[in-house]
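Please read the structure below before turning to the comments.
Residue numbers (the numbering used here): 6 to 251.
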């Protein structure tokens, strides 16, 4: 009889304990659930981040630089990353693409030497991109194809390069270099590079500032810059693997 009463007492204590724990966990869950109900209406400082876009794929790898170029790339890495992201956001188009490290050993964004410069320490802030041209307003000749590419994307790229360059006061960074590949074929066409052309335009800092301030036209920009031209898959391979140096 005593054992039976003892069993009922134990059973009662277990039920009472269960009720107390139930109330405790109910109260705790209320504490943790309430913020999730309230705080979604508040704006959190989460910057926009595009799924699958890695800006580092478009920066010239440090191993590809000389000592001078490597020093500049490390010093200005945040500005270079910001520049990649801005180009990706503002020039988003099925007709435009930055060059990544899988396509060119120097990728898209970095500091490049002018092979004709007599000062080996001088570098130019550069962007390499490829585009599809439509020739809606320009003739289908050497000048017209280049003009179409520059009109469609070159102007915007020079604006972004100029803005970034304005925050780089290093005396060794003398200006900008725009490497622009263009073809009438779409970017996903397997024969794109067979018919592609490219221009490499080394632009002095002051000339770029004048152009972006609308005080120079394209022909004046070209006159004050140094331009190299490449045509076809083989020459573009030389451009990527030999001509561009950091």
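Think of the CB as a built atom: it goes at the ideal place given N, C-alpha and C, for glycine as much as any other residue.
Thinking just about the alpha-carbon of each residue, which of the options is nearest to the one in residue i?
i, options, result
"residue 156", "179, 101 and 175", "101"
"residue 180", "203, 117 and 137", "117"
"residue 264", "62, 58 and 128", "Any answer about residue 264 is impossible in this case: the structure gives the chain only from 6 up to 251."
"residue 178", "220, 67 and 81", "81"
"residue 182", "58, 75, 99 and 250", "250"
"residue 137", "214, 110 and 201", "201"
"residue 191", "205, 99 and 121", "99"
"residue 146", "236, 246 and 122", "236"
For the beta strand (DSSP E) that contains residue i, what are its first and last residues?
i, result
"residue 133", "128-137"
"residue 187", "178-188"
"residue 3", "Residue 3 falls outside the range modelled here, since the chain spans only 6 to 251, and no answer is possible."
"residue 204", "202-209"
"residue 115", "115-117"
Less than 8 Å between the beta carbons of residue i and residue j, yes or no?
i, j, result
"residue 92", "residue 135", "no"
"residue 114", "residue 85", "yes"
"residue 161", "residue 140", "no"
"residue 217", "residue 164", "yes"
"residue 185", "residue 112", "no"
"residue 150", "residue 187", "yes"
"residue 66", "residue 106", "yes"
"residue 231", "residue 90", "no"
"residue 110", "residue 69", "yes"
Could you give the residue range of the alpha helix (DSSP H) that holds residue i?
i, result
"residue 223", "223-228"
"residue 99", "Looking at the DSSP string, residue 99 is not in any alpha helix (DSSP H), and its letter there is neither H nor E."
"residue 75", "72-80"
"residue 149", "147-154"
"residue 169", "160-170"
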